[in-house]
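Heads up, the thing below is written out as structure tokens.
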Amino acid sequence: MGNALPQVDFVLQRKISEKLREFLPERCVLWQQEDTQPYECDGLTAYRRVPMVVALPETEAQVRRILQTCHALGVPVVPRGAGTGLSGGALPPGDGVLLSLAKFMRVLRIDPVARVAVVQPGVRNAAISDVVAPFGLYYAPDPSSQIACSIGGNVAENSGGVHCLKYGLTVHNVLRVRGYTIEGEPVDFGSEALDSAGYDLLALAIGSEGLLAVTTEVTVKLLPKPESARVIMASFDDVEKAGDAVAAVIAAGIVPAGLEMMDKPATHAVEQFVRAGYDLEAAALLLCESDGSTAEVEDEIARMKDVLTAAGATRLAVSRDEAERLRFWSGRKAAFPAVGRISPDYYCMDGTIPKKRLGEVLKFIGAMEKKYGLRCPNVFHAGDGNLHPLILFDANDADQLKRTEAFAAEVLEKCVQVGGTITGEHGVGVEKIDQMCIQFGAAELETFHAIKRAFDPKGLLNPGKAVPALSRCAEFGRNHVKATGQLGHAGLPRF
Numbered sequence: 004m005g006n007a008l009p010q011v012d013f014v015l016q017r018k019i020s021e022k023l024r025e026f027l028p029e030r031c032v033l034w035q036q037e038d039t040q041p042y043e044c045d046g047l048t049a050y051r052r053v054p055m056v057v058a059l060p061e062t063e064a065q066v067r068r069i070l071q072t073c074h075a076l077g078v079p080v081v082p083r084g085a086g087t088g089l090s091g092g093a094l095p096p097g098d099g100v101l102l103s104l105a106k107f108m109r110v111l112r113i114d115p116v117a118r119v120a121v122v123q124p125g126v127r128n129a130a131i132s133d134v135v136a137p138f139g140l141y142y143a144p145d146p147s148s149q150i151a152c153s154i155g156g157n158v159a160e161n162s163g164g165v166h167c168l169k170y171g172l173t174v175h176n177v178l179r180v181r182g183y184t185i186e187g188e189p190v191d192f193g194s195e196a197l198d199s200a201g202y203d204l205l206a207l208a209i210g211s212e213g214l215l216a217v218t219t220e221v222t223v224k225l226l227p228k229p230e231s232a233r234v235i236m237a238s239f240d241d242v243e244k245a246g247d248a249v250a251a252v253i254a255a256g257i258v259p260a261g262l263e264m265m266d267k268p269a270t271h272a273v274e275q276f277v278r279a280g281y282d283l284e285a286a287a288l289l290l291c292e293s294d295g296s297t298a299e300v301e302d303e304i305a306r307m308k309d310v311l312t313a314a315g316a317t318r319l320a321v322s323r324d325e326a327e328r329l330r331f332w333s334g335r336k337a338a339f340p341a342v343g344r345i346s347p348d349y350y351c352m353d354g355t356i357p358k359k360r361l362g363e364v365l366k367f368i369g370a371m372e373k374k375y376g377l378r379c380p381n382v383f384h385a386g387d388g389n390l391h392p393l394i395l396f397d398a399n400d401a402d403q404l405k406r407t408e409a410f411a412a413e414v415l416e417k418c419v420q421v422g423g424t425i426t427g428e429h430g431v432g433v434e435k436i437d438q439m440c441i442q443f444g445a446a447e448l449e450t451f452h453a454i455k456r457a458f459d460p461k462g463l464l465n466p467g468k469a470v471p472a473l474s475r476c477a478e479f480g481r482n483h484v485k486a487t488g489q490l491g492h493a494g495l496p497r498f
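No gaps in the numbering here: position 417 of the sequence shown is 420 in our numbering, and each next residue is one more.
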């Protein structure tokens, strides 16, 4: 972690600004530090870098010209949405242009019969459901930041949410993505039809973290609002029992609409913040939701209650009406800001593990708290094994910052060791780029680089993110062995 303060090349800064102002209004080109400083980081505030120039286009034609201009000048470009990302994916280039799509906020088309909506990338996630609600429809992926995060950022990171277990991630709910390459060439991924001509590159584009193209239009799937929805709040006196209960629900053939978990420190922070009615005596809480027809919901709730009781739940509370259901969920949705109230800073992690290893990894995180002397409340998309440990620290204390980095690295390596991955929905960005060296070997990383070169031969679009250079991995491996005396939890691939 840390803040990079590169020396500004004022000659280049002036040249870029003048070139951009040839076709952009003056209000759309920011270059003075007081104007560019607000763009120095995304939601991962431990990494900061003031951009040289910020461009705020208002039309697709302007986006294209910006990319063509930067490509001709050999200047890096970093696309940015709402800036809510948690992996440093929108960390700006100190020697290039930060391209903000914040002004692309229009819903272009709604087709309630085909159940699709075409939106610009700056449209907020929650706003899609708001505008299609009169048709009895909604957009399923619901990240905790949905009131603020933009659909373009969701596409870049393949975001999920509390209902991703049943309804999938962004990649399962988007039909088409349109945009431009760094050379200003238009590209289309996917189709509104059942299939698209040629190779289907949609899944490649979604989750590509802004490395391949700049998104200017997204076609999303819409779903009918369920007739009924109810949620069970299940209390457990042991976090490992709660983890085992998650696996038991899935093993019983039940696919809840949502299956979330919070440990005691997290529920205490949340309850002080939103008064969601959580059981503060429980070591862990599960929120298990069922939706569908009224009959389906009643049957599934009864089955889940039986499984949870058998798994050791000490208390079960079922939402009695829609207001109470939303109140139960409000606590989980507010977990991150709630934790922000009790610590100067927090580091929100994002690893994914097999559900059957949830209890083991929770125990491991507890051991890391003692090892590093740092508190770590935990919230999880438990149904799909997506962990969100929240390491509490003070960024003004260099030693705490160092311990936080080490804590986070060990947890990510543990995720790989137990058969998981280093990220579920937040992306790699700059945060986890060294752990990519543990997740993948040289041949795999070189394949990733080859895909990048196919779209961006000069490496100008969001450089230094997501995929590490092989030389970086070699250095990381040497330093890792020197620091720990071992290859690491998973064993480092050779580079």
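Glycine included, each C-beta is placed from N, C-alpha and C at the ideal position.
Checklist entry - To the nearest angstrom, how far is it from the Cα of F276 to the Cα of V382? => result 15 angstroms
Checklist entry - Does the Cβ of T173 have 16 or more other Cβ atoms within 10 Å, making it buried, or fewer, making it exposed? => result buried
Checklist entry - V342: which of T270, F367, S296, K405 sits nearest, CA to CA? => result Ranking T270, F367, S296, K405 by Cα distance to V342 puts T270 first.
Item to check | Integer-rounded CB distance, given that V242 should sit under 8 angstroms from M307 | outcome: That pair is no contact at about 19 angstroms.
Checklist entry - Counting only runs that start and end within the segment 416–448, where is the alpha helix (DSSP H) found for 4 or more residues in a row? => result 439–442
Next on the checklist: Considering only DSSP beta bridges, list what A503 is partnered with.
Outcome noted: Absent from the structure is residue 503, since the part of the chain shown begins at 4 and ends at 498.
Next on the checklist: On the DSSP bridge list, what partners appear for P144?
Outcome noted: None; P144 has no bridge partner.
Next on the checklist: Considering only their Cβ atoms, is the gap separating L140 from P227 smaller than 9 angstroms?
Outcome noted: yes
Item to check | Buried or exposed (CB count within 10 angstroms, at least 16 for buried), A75 | outcome: exposed
Checklist entry - Mapping DSSP to helix, strand and coil, what is A285? => result Look at A285 here: in three-state DSSP terms it is coil, with no helix or strand label.
Checklist entry - In chain order, what residues of the same chain lie with their CB nearer than 7 angstroms to the CB of A486, ignoring the 5 residues before and after it? => result none
Checklist entry - Under three-state DSSP, which class holds G491? => result Bear in mind that the predicted position of G491 carries a pLDDT of just 48, short of 50, making it unreliable; the figure below should be weighed with that in mind. Coil.
Checklist entry - Just how far apart, CA to CA, sit K18 and C44? => result 24 angstroms
Checklist entry - Expressed to the nearest angstrom, what Euclidean distance is found between the alpha-carbon atoms of E25 and F107? => result 21 angstroms
Item to check | Selection from K366, C291, D191 that minimises the alpha carbon distance to L205 | outcome: D191
Checklist entry - Going by Cα to Cα distance, which pick from G315, L214, H391, P259 is closest to H452? => result L214
Checklist entry - Is the CB-CB distance between R328 and R233 below 9 angstroms? => result yes
Next on the checklist: Between the alpha carbons of V121 and G86, how many angstroms are there, rounded?
Outcome noted: 22 angstroms
Item to check | Bridge partners - V470, DSSP secondary structure assignment | outcome: Paired residue(s): none; V470 is not in a bridge.
Checklist entry - How about L101: is its C-beta nearer than 9 angstroms to some C-beta of chain D? => result Protein chain content of the structure displayed is limited to a single chain, and chain D is not contained in it.
Checklist entry - Which one or two residues does DSSP pair with I394 in a beta bridge? => result Looking at the DSSP output, I394 sits in a beta bridge with Y350.
Checklist entry - Mind checking K455: buried by the 16 CB within 10 Å criterion, or exposed? => result buried
Next on the checklist: Here's the rule: buried if 16 or more other CB atoms are within 10 angstroms of the residue's CB, otherwise exposed. What is S296?
Outcome noted: It is exposed - the Cβ of S296 has fewer than 16 other Cβ atoms within 10 Å.
Item to check | Check whether P259 and K358 have beta carbons under 9 angstroms apart | outcome: no
Checklist entry - What residues in its chain sit with their C-beta under 6 angstroms from that of E61, if we drop five residues either side in the sequence? => result Sequence-distant partners of E61 (beyond 5 residues in either direction) whose C-beta falls short of 6 angstroms from its own C-beta, in its chain, are K106.
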